[in-house]
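Engineer: Residue numbers (the numbering used here): 1 to 187.
Positions of the beta carbon are idealized from the N, C-alpha and C atoms, including for glycine.
For clarity, every value in this text was computed on a predicted model and none was experimentally measured.
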Amino acid sequence: PFQQEEGKKYRMANWLVSEDEEIQTGEQTAQILINTFKEQNLYCSEATLDQYPLGFTHPEYSNQDIHICRMYYLNLLLQALAGGTNRPDLKYKIDIFYSDKLNAFTTTSGYLFISEEFLGMLDNEDELAAVIAHELSHITLRHHGRSEAKSTVVNNVMANVLQNRDARAKTAAGVLNKTLIKNSFSR
Numbered sequence: 001p002f003q004q005e006e007g008k009k010y011r012m013a014n015w016l017v018s019e020d021e022e023i024q025t026g027e028q029t030a031q032i033l034i035n036t037f038k039e040q041n042l043y044c045s046e047a048t049l050d051q052y053p054l055g056f057t058h059p060e061y062s063n064q065d066i067h068i069c070r071m072y073y074l075n076l077l078l079q080a081l082a083g084g085t086n087r088p089d090l091k092y093k094i095d096i097f098y099s100d101k102l103n104a105f106t107t108t109s110g111y112l113f114i115s116e117e118f119l120g121m122l123d124n125e126d127e128l129a130a131v132i133a134h135e136l137s138h139i140t141l142r143h144h145g146r147s148e149a150k151s152t153v154v155n156n157v158m159a160n161v162l163q164n165r166d167a168r169a170k171t172a173a174g175v176l177n178k179t180l181i182k183n184s185f186s187r
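(1) If you draw a straight line from the alpha carbon of ILE23 to that of ASP123, how long is it in whole angstroms?
(2) Within 10 Å of its beta-carbon, does CYS44 have 16 or more other beta-carbons around it, so buried, or fewer, so exposed?
(3) Let's test the definition: count the other Cβ atoms within 10 Å of the Cβ of GLY188 and tell me whether it reaches 16, buried, or not, exposed.
(4) Which ranges would you report for the alpha helix (DSSP H) in the segment 60-97 if only whole runs of at least 4 residues count?
(5) Pick out whichever of THR107, SER109 and ILE94 has its Cα sitting closest to the Cα of SER115.
(6) Counting only the same chain and skipping the five closest in sequence on each side, list residues whose C-beta sits under 8 Å from that of ILE34.
(7) Roughly how many whole angstroms lie between the Cα atoms of ARG187 and ILE66?
(8) Leaving out five residues before and five after SER109 in sequence, what residues of the same chain have Cβ atoms less than 8 Å from its Cβ?
(9) Who are the near neighbours of THR106 in its chain, counting only those whose CB is closer than 6 Å to its CB and skipping five residues on each side?
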């Protein structure tokens, strides 16, 4: 569905999104998520380690030391995996948030988030690498762009229906609705 064009622009249907716009949107989204996690006291940082212990201790190292090493390791693994993608120049970063749900997700700028619960259930580095690689695939295959394009189409058609209320717009909205129901809005 996406084809690379000159100037690092990508085409989906009739929509063009520059890589710079995509990165900017991803950075804004990541900052909103971080702020939301902080407001809800769910952001994993040195300041919150006493409130949410890591679930393991070490006699010689503090939770802060362990957290710093863990973040360094996660980002090192991420960089190694990202280097083999078709978008190695993005500024990839990984962060942890507190949740009792198994969850991991990305933004379009290369920012990955993974829940503490998800990290806790992984048994080895291979499983961790598989999760990170899966999330990287959303970025490299530009799944976010597809969702945004679908949203834009829906918004434009619905705005047209509400403004014009003509037969063609109503028919287009009906076809769009059936298509979305049939194909579903999926990641």
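Structural biologist: Let's see:
(1) Sequence index remark: in the sequence shown, residue 23 carries index 23 (1-based). Sequence index remark: in the sequence shown, residue 123 carries index 123 (1-based). Approximately 32 Å, taken between the alpha carbons.
(2) What you label residue 44 is simply residue 44 of the sequence shown in a count that begins at 1. When all chains shown are included, CYS44 counts as buried.
(3) Residue 188 falls outside the range modelled here, since the chain spans only 1 to 187, and no answer is possible.
(4) 63-82
(5) Here residue 115 corresponds to residue number 115 of the sequence shown, with the count starting at 1. Of the listed residues, the one whose Cα sits closest to SER115 is ILE94.
(6) Sequence index remark: in the sequence shown, residue 34 carries index 34 (1-based). TYR43 and ASP95, listed in sequence order.
(7) Translated into the one-based positions of the sequence shown, residue 187 becomes position 187. Translated into the one-based positions of the sequence shown, residue 66 becomes position 66. Because the pLDDT of ARG187 is 40, which lies under 50, any placement of that residue in the model is unreliable, and the question is left without a value.
(8) Stepping through the sequence shown from its first residue, residue 109 is reached at position 109. Around SER109: GLU22, ILE23, GLN24, THR25, GLY26, GLU27, THR29, ALA30, LEU90 and LYS91.
(9) Counting from 1 along the sequence shown, the entry for residue 106 is found at position 106. So the qualifying residues of the chain are LEU112, GLU135, HIS138 and ILE139.
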